[in-house]
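Input: a single structure, listed below in structure tokens.
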Amino acid sequence: MKFLCVNCDEQMTFQERREPGDGTFAAAFTCARCGHTIALLANPMESQLVRSLGVEIGGRTLDPEPMALVRENVVGRADAFAAASSTPQSATRNLQSPPTWSPEAIDRLARVPSFVRGMVRKIYADYAAERGIAEITPAVMDQARADLGLEGM
Amino acid sequence: MSEGASFRTYFEVEGEDRSRLGAQVGEQRRRVAARLAEIRNVVAVMSGKGGVGKSYLTAALALGLARRLTRGVGVVDADLKSPTVARLLGAAGPLALSPEGVRPALGNENIRVISTDFLLADGRPLRWREPEHERFVWRGALEAGVLREFLADVAWGPLELLVIDLPPGADGVADVAELAPSLKGAVSVTLPTDESYQSVRRAMASAQDAGIRLLGVIENMSGYRCPSCGSTEPLFPGSAGSRLAEDFGVPLLAQVPFSAGAVEVPSGLLDRFLETLA
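Here the protein sequences line up with chains V and F, keeping their order. Everything in the first sequence is counted per numbering that gives the first Met the number 0, starting at 0 for the first residue and increasing by one. Everything in the second sequence is counted per numbering that gives the first Met the number 0, starting at 0 for the first residue and increasing by one.
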């Protein structure tokens with residue numbers, strides 16, 4: 000999918016994406032030559048179609064989490080996923096590895112607008128890693144917000 | 000662009016696609032390929048018809064081969080809406096999230112298993128979180144996406160064999176082949192009846208048209224074995240297994256009598272399957 004500035008006959012560059020509500024997905028593209036900006040507005044069905052492909056318009060800033068599509072879209076049991084440390088196969092888990100996310104924390108992260116989700120995810124991951132926290136849970140997220148002065152996030 | 004001039008085509012507009020949709024789909028394919036690179040053989044078990052015992056035979060094949068092959072066996076339950084193979088293999092959740100990916104559940108004989116059975120509450124159907132209207136537009140894409148994640152995001156590790164248990168139908172195996180070009184081929188399962196013959200023949204023709212190698216046919220419920228005396232009596236009329244094998248020039252891997260007990264590995268199946276795979 001390419002967006003062309005008709006006046007300049009130039010491909011426009013991706014600017015940002017937002018989810019303003021009502022299931023609407025918005026992506027803004029700007030012409031680097033004349034500065035003209037347009038917004039692509041997708042209805043909930045169109046938004047879901049793009050999401051179903053496991054892609055994001057404009058590209059991803061971070062690699063998707065394992066089974067992100069499954070975890071974000073399947074209505075299933077709350078305990079379907081667990082951190083490696085709490086399952087029987089986890090005896091050899093490397094404690095130096097990055098913190099894992101509990102299903103509840105993943106659900107909560109999914110509610111953060113997508114255009115800042117990567118940044119927010121990194122803040123929580125860094126917070127947990129620096130403190131040796133193996134699993135990020137909603138309680139860890141609350142603590143991080145309090146400690147880092149991020150009450151608005 | 001002057002008034003009245005025609006638009007250029009997508010490919011005439013220079014520069015990379017700034018929506019980056021194509022690049023992300025390419026990256027998804029690379030992730031699948033990278034994960035499957037450690038697996039020597041990827042094989043699908045298919046049937047055009049439901050209720051033929053596909054999952055039972057997938058479990059039997061996996062169990063028998065796991066006892067023989069030292070490198071390990073995995074099973075993908077691609078029957079997303081009606082998952083059964085995980086329970087047949089004694090595998091259960093929860094699934095562990097780890098830095099290398101989602102760890103598969105371990106079943107009998109240490110068979111590594113992924114299935115929607117681990118995700119769904121008992122007795123609840125597969126449902127999606129998003130808008131209920133116009134589901135037909137995006138549901139197929141989501142189902143393909145789940146299967147892609149089952150292949151790419153599960154930390155399978157090195158395996159000798161990954162068996163994909165497909166839902167009934169003619170198209171599933173072609174979808175898998177597109178997601179996983181390393182697919183070695185497909186085993187078809189049928190009942191002896193003429194109805195099953197017609198249905199499975201269409202599915203096998205569809206697979207053949209898609210360039211997928213047909214590895215052989217298993218005829219299930221080829222009679223009923225008496226638990227008391229051990230003799231086998233006819234159960235269904237017909238000889239669909241041998242007819243399909245002849246039609247497509249592939250081996251009849253096994254004729255399996257109905258058995259009400261635990262999963263049994265049909266006699267001769269493993270040898271013939273491994274010969275075909277070689």
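Glycine included, every Cβ here is placed at the ideal spot set by N, Cα and C.
- If you look at P63 of chain V, you'll find it isn't in any alpha helix (DSSP H); DSSP assigns it neither H nor E.
- Under the three-state reduction of DSSP, V262 of chain F is assigned to coil, being neither helix nor strand.
- The region 66–78 of chain F and the region 45–65 of chain V do not touch, with fewer than three beta-carbon pairs separated by less than 8 Å.
- Per the C-alpha coordinates, the member of V:P102, V:K1 and V:E129 positioned closest to L39 of chain V is V:K1.
- In this structure, P166 of chain F lies away from S221 of chain F, with their beta-carbon atoms at least 8 Å apart.
- Contact between E55 of chain V and R110 of chain V is ruled out by a C-beta separation of about 16 Å, above the 8 Å threshold.
- Judged by beta-carbon spacing, A185 of chain F lies within the 8 Å limit of V172 of chain F, meaning their Cβ atoms are closer than that value.
- Note that the region 68–84 of chain V touches the region 93–106 of chain F; at least 3 beta-carbon pairs, one per stretch, sit closer than 8 Å.
- For I113 of chain F, the three-state secondary structure derived from DSSP is strand.
- Assignment of beta-bridge partners to N219 of chain F by DSSP yields F:V255.
- If you look at T275 of chain F, you'll find it in the alpha helix (DSSP H) that goes L268 to L276.
- Not flagged as an interface residue toward chain F: F24 of chain V, since no C-beta distance is shorter than 8 Å.
- Under the Cβ criterion of 8 Å, G144 of chain F is counted among the residues facing chain V.
- When C-beta distances to chain F are compared with 8 Å, every residue of the region 113–140 of chain V stays at or above that value.
- An exposed status is given to A120 of chain F, since fewer than 16 other beta-carbon atoms sit within 10 Å of its beta-carbon.
- Per DSSP, the continuous alpha helix (DSSP H) segment holding D106 of chain V begins and ends at P102 to A109.
- Bounds of any beta strand (DSSP E) do not take in L60 of chain F; it lies within the alpha helix (DSSP H) bounded by K53 to R67.
- Per DSSP, P19 of chain V is one residue of the beta strand (DSSP E) stretching across T12 to G20.
- Within the same chain, R50 and S51 come within 8 Å of N72 of chain V by CB-CB distance, once the 5 residues on both sides are set aside.
- Non-local beta-carbon contacts of Y126 of chain V in its own chain, meaning distances under 6 Å to residues more than five positions away in sequence, involve A143 in chain order.
- The C-beta separation of P250 of chain F from G215 of chain F comes to about 4 Å, placing the pair in contact by the 8 Å criterion.
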